[in-house]
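Taking it in order: structure first as structure tokens, then the write-up.
Chains as they are written, first to last, in this note's numbering: chain X, 52 to 451; chain R, 14 to 204; chain D, 71 to 334.
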């Protein structure tokens, strides 16, 4: 096995400037959209008193969940001592921080009063799972930061395993916390399930690794560095397992909900009568986001980089659809003020709430993705995150 | 295996590097620019003018000097008591009424057409000073900015015979030093 | 240069007048600005009288909301009442309906009339639903900043000074009692401050209760809504509840709301 050698991406290059400008522009548009929303108030969005969390939350929660999952590769390397993943650990940690930053920016800018961030950081209600999430997010940043440091600063390499273990445990708690934001809502039948927290963890594995693999293949392609089949095949096989696991959880989740009478209505709504939500569930989440990627990853196209990239993109698309169905579909279905009775009112009781995503919401969400990728672009140019080569003779610990 | 592992923070991007190198220069420039502006404001006759509006009512709940300095704390103290603890000033005047409602009732300013000016008007009592001091407040995003109805304020029953007012309403040119003397000691977060 | 002060707090404050004097000389702003700007200030009212200085404690009141009391309401849905009168009274009291841009599904409603129909029997009824002022309020539990709060006397309300507009409480409320302000508001009523970016809901008219009045909807209900102290067995609401009973909406959630209904 050849020596591993980390090297910054050449910043003074057309490629760097092009990506910097592209992601910068997306981020800028996102920030302008946020300013527009905040300046006018949320009436310019599709959100209302029934659908209180809209498209920005879909993006924010996707990015936060993916952040936790992106750390997976580093965890496998440090915690489970798989040397094959060691060259990827730095990118994994950095991407996790970038994804979390992007997600938090979207979450923050969608607040009614983002100017009061200081209140959220100083006045805590420790009964709230939201408060715990704020602490978990900031803690994640700190711990992963330290973890990266121990990886990149040679005198501290001996601490990597410990830091990696801390980061691994922290990220499990973090995703449990994110899932529990929904799981703790007793009144909403769509969310009233202990299964949500573990499902969010497995979702994070899948979305995070898909994002990681896309970034890895993209950055190696555009910097003309070697990326061998050995590492890519390992990652895509792992990704396939995660996708299948998410699929399994989704099946169990809906089956248990169908079985219990008080959750049957909402489940049938999502599965059969929910219009857009039903379409998103079956077509985008299940067919395009779960089954097709499995075919692409494990079928005859399994070694084709384009097809692997397509599978990752589909998994991410399916992930967005899944969160859209969970977050927005779950709110759209009416709560039962009087179970078993027909209820109507001026406040839209008893009817499926309407929600049409607005352009600013979507742009704000994309801005979060842009910020993530902008951070990644600058980071790989500024510091030694990427190995100069991941050709098989470097990456494969068993090669001679 | 770890051959090339010195932890150096070298930017390969000349764009990023140059921007970072120029950052201190930019900050210094900004500071200089700001200080010039402030200096010119401090010279009498050149700077912005402040108009202290007249107030209805005989006196404020505290002497003006104290109000100028302590009104943020008093308002905050009162809002916590009122909202969270349900402690409200009674109409009998047994306690001081530090509610924003009462402030607005006394200090509302009328324009030439005898109408109360709203918070978007520079003559509004709070705005007149806060704009001068460049301290933004968000109280009136929620609170009513002018008295309700006719605007006849409820008399401050507990200090009818005191005359605390020692500032003649009018337009002044204040120095930085004056402003520093008036400025409230804000020792807690604004929210 | 003496100023006659009719101030009952005088005695308390003179004790620390020495320290106040130090402070006040530093604070004698007007003296400084007079010199600087050359203003004319009427003689005799220039200097700062230390005895006048009062502190925050003079604003402190003795009695606030007490946990001995639990305010509640009892709605008799069997009475022939036009519940919209309650809605109108509420809107008037709190200055609701002043949105200009919001769509209907974005506008604030503190109280709404809900029509309930039993599909099997065809029986239908209507009732007013507002914040149910739960004892274990989910909105209070989930609020990250403690803006959503319960007063000692059981009234659940939003501290808009702390609300960051995350809307988690709206997700958590089983009664859909809360609204989010979607736009810049002007011309609020003086007793109900409300503005863009904060969540709000029925506050049982705290300002009226603290002033010894009944909530606006109770007043407008022609006796169909009774307001009172649930903890006081002698109050009329407690007596009626003890004799005729009352139900809470979604009692199965065990949130123990402070709003009871008869005839549901």
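Glycine residues also receive a C-beta, built at the ideal position from the N, C-alpha and C atoms. Values in this document were obtained by computation on a predicted structure and should not be read as measured data.
Cβ-Cβ separation, residue j to residue i (assumed contact under 8 Å), whole Å
{"i": "residue 271 (chain D)", "j": "residue 247 (chain D)", "result": "5 Å"}
{"i": "residue 111 (chain R)", "j": "residue 74 (chain R)", "result": "6 Å"}
{"i": "residue 93 (chain X)", "j": "residue 250 (chain D)", "result": "7 Å"}
{"i": "residue 330 (chain D)", "j": "residue 317 (chain D)", "result": "7 Å"}
{"i": "residue 34 (chain D)", "j": "residue 310 (chain D)", "result": "Since the first and last residues shown for chain D are 71 and 334, residue 34 (chain D) lies out of range."}
{"i": "residue 275 (chain D)", "j": "residue 286 (chain D)", "result": "5 Å"}
{"i": "residue 165 (chain D)", "j": "residue 259 (chain D)", "result": "4 Å"}
{"i": "residue 248 (chain X)", "j": "residue 227 (chain X)", "result": "5 Å"}
{"i": "residue 238 (chain D)", "j": "residue 254 (chain D)", "result": "That pair is no contact at about 23 Å."}
{"i": "residue 154 (chain R)", "j": "residue 138 (chain D)", "result": "That belief does not hold up - the Cβ atoms of residue 154 (chain R) and residue 138 (chain D) are roughly 36 Å apart, past 8 Å."}
{"i": "residue 445 (chain X)", "j": "residue 142 (chain X)", "result": "Not a contact, Cβ separation roughly 15 Å."}
Residue burial classification, residue i (beta-carbon count within 10 angstroms, cutoff 16)
{"i": "residue 351 (chain X)", "result": "exposed"}
{"i": "residue 90 (chain X)", "result": "exposed"}
{"i": "residue 448 (chain X)", "result": "exposed"}
{"i": "residue 315 (chain D)", "result": "exposed"}
{"i": "residue 150 (chain D)", "result": "exposed"}
{"i": "residue 287 (chain X)", "result": "buried"}
{"i": "residue 92 (chain D)", "result": "Low confidence applies here, because residue 92 (chain D) scores a pLDDT of 38, under 50, leaving its location unreliable; read the following figure in that light. Its Cβ having fewer than 16 others within 10 Å, residue 92 (chain D) is exposed."}
{"i": "residue 118 (chain R)", "result": "buried"}
{"i": "residue 57 (chain X)", "result": "buried"}
{"i": "residue 39 (chain R)", "result": "exposed"}
{"i": "residue 206 (chain D)", "result": "exposed"}
{"i": "residue 390 (chain X)", "result": "exposed"}
{"i": "residue 410 (chain X)", "result": "exposed"}
{"i": "residue 60 (chain X)", "result": "buried"}
{"i": "residue 171 (chain X)", "result": "buried"}
{"i": "residue 62 (chain R)", "result": "exposed"}
{"i": "residue 193 (chain X)", "result": "exposed"}
{"i": "residue 263 (chain D)", "result": "buried"}
{"i": "residue 308 (chain X)", "result": "buried"}
{"i": "residue 97 (chain X)", "result": "buried"}
{"i": "residue 165 (chain R)", "result": "Because the pLDDT of residue 165 (chain R) is 44, which lies under 50, any placement of that residue in the model is unreliable, and the question is left without a value."}
{"i": "residue 330 (chain X)", "result": "exposed"}
CA nearest to the CA of residue i, picked from the options
{"i": "residue 514 (chain X)", "options": "X:120, X:231, X:212", "result": "With chain X running from 52 to 451 in the structure shown, residue 514 (chain X) is simply not present."}
{"i": "residue 184 (chain D)", "options": "X:393, X:336, X:408", "result": "X:393"}
{"i": "residue 244 (chain D)", "options": "X:80, X:430, X:353, X:385", "result": "X:385"}
{"i": "residue 109 (chain X)", "options": "X:176, X:415, X:430", "result": "X:415"}
{"i": "residue 402 (chain X)", "options": "X:380, X:311, X:124", "result": "X:380"}
{"i": "residue 220 (chain D)", "options": "D:307, D:320, D:140", "result": "D:140"}
{"i": "residue 396 (chain X)", "options": "D:200, D:164, D:171", "result": "D:200"}
{"i": "residue 277 (chain D)", "options": "D:225, D:153, D:171", "result": "D:225"}
{"i": "residue 327 (chain D)", "options": "D:256, D:263, D:233, D:208", "result": "D:208"}
{"i": "residue 157 (chain D)", "options": "X:429, X:398, X:419", "result": "X:398"}
{"i": "residue 299 (chain X)", "options": "X:279, X:371, X:257, X:115", "result": "X:257"}
{"i": "residue 184 (chain X)", "options": "X:223, X:417, X:133, X:370", "result": "X:223"}
{"i": "residue 426 (chain X)", "options": "X:63, X:70, X:443", "result": "X:70"}
{"i": "residue 288 (chain D)", "options": "D:137, D:178, D:146, D:254", "result": "D:146"}
{"i": "residue 263 (chain X)", "options": "X:446, X:366, X:242, X:245", "result": "X:366"}
{"i": "residue 68 (chain R)", "options": "R:158, R:154, R:123, R:153", "result": "R:123"}
{"i": "residue 240 (chain D)", "options": "X:382, X:324, X:114", "result": "X:382"}
{"i": "residue 163 (chain X)", "options": "D:332, D:181, D:231", "result": "D:231"}
{"i": "residue 136 (chain D)", "options": "D:279, D:307, D:155", "result": "D:279"}
{"i": "residue 332 (chain D)", "options": "D:181, D:269, D:148, D:133", "result": "D:148"}
{"i": "residue 158 (chain X)", "options": "X:74, X:208, X:104", "result": "X:104"}
{"i": "residue 284 (chain D)", "options": "D:194, D:160, D:175", "result": "D:160"}
{"i": "residue 265 (chain X)", "options": "X:364, X:198, X:349, X:344", "result": "X:364"}
Can you list the alpha helix (DSSP H) stretches of 4 or more residues lying completely in the stretch 216–286 of chain X, in chain order? Segments of the alpha helix (DSSP H) lying fully in the stretch 216–286 of chain X: 247–273.
For the structure I just gave you, are there three or more beta carbon pairs, one from the stretch 318–334 of chain X and one from the stretch 291–310 of chain X, closer than 8 Å? yes
Alpha helix (DSSP H) runs wholly inside the stretch 132–210 of chain X, at least 4 long, in chain order: 140–160, 168–173, 180–203
What are the uninterrupted segments assigned as beta strand (DSSP E) that are 3 or more residues long and contained completely in the stretch 359–403 of chain X, given in chain order? 393–396
Runs of 4 residues minimum, wholly inside the stretch 179–219 of chain D: which ones carry the alpha helix (DSSP H) assignment? 208–212
Using 8 Å as the threshold, is the stretch 103–123 of chain X in touch with the stretch 177–192 of chain D, meaning 3 or more CB pairs across them? no
Counting only runs that start and end within the stretch 283–348 of chain X, where is the alpha helix (DSSP H) found for 4 or more residues in a row? 312–319, 327–330
Given 8 Å, three or more beta-carbon pairs between the stretch 173–181 of chain X and the stretch 144–160 of chain X: no
Flag this pair as touching only if the stretch 269–280 of chain X and the stretch 124–140 of chain X have three or more C-beta atom pairs under 8 Å; answer yes or no. no
If you scan the stretch 270–318 of chain D from start to end, which runs of the beta strand (DSSP E) of 3 or more residues do you find wholly inside it? Listed in chain order, the complete beta strand (DSSP E) runs (minimum 3 residues) inside the stretch 270–318 of chain D are 295–299.
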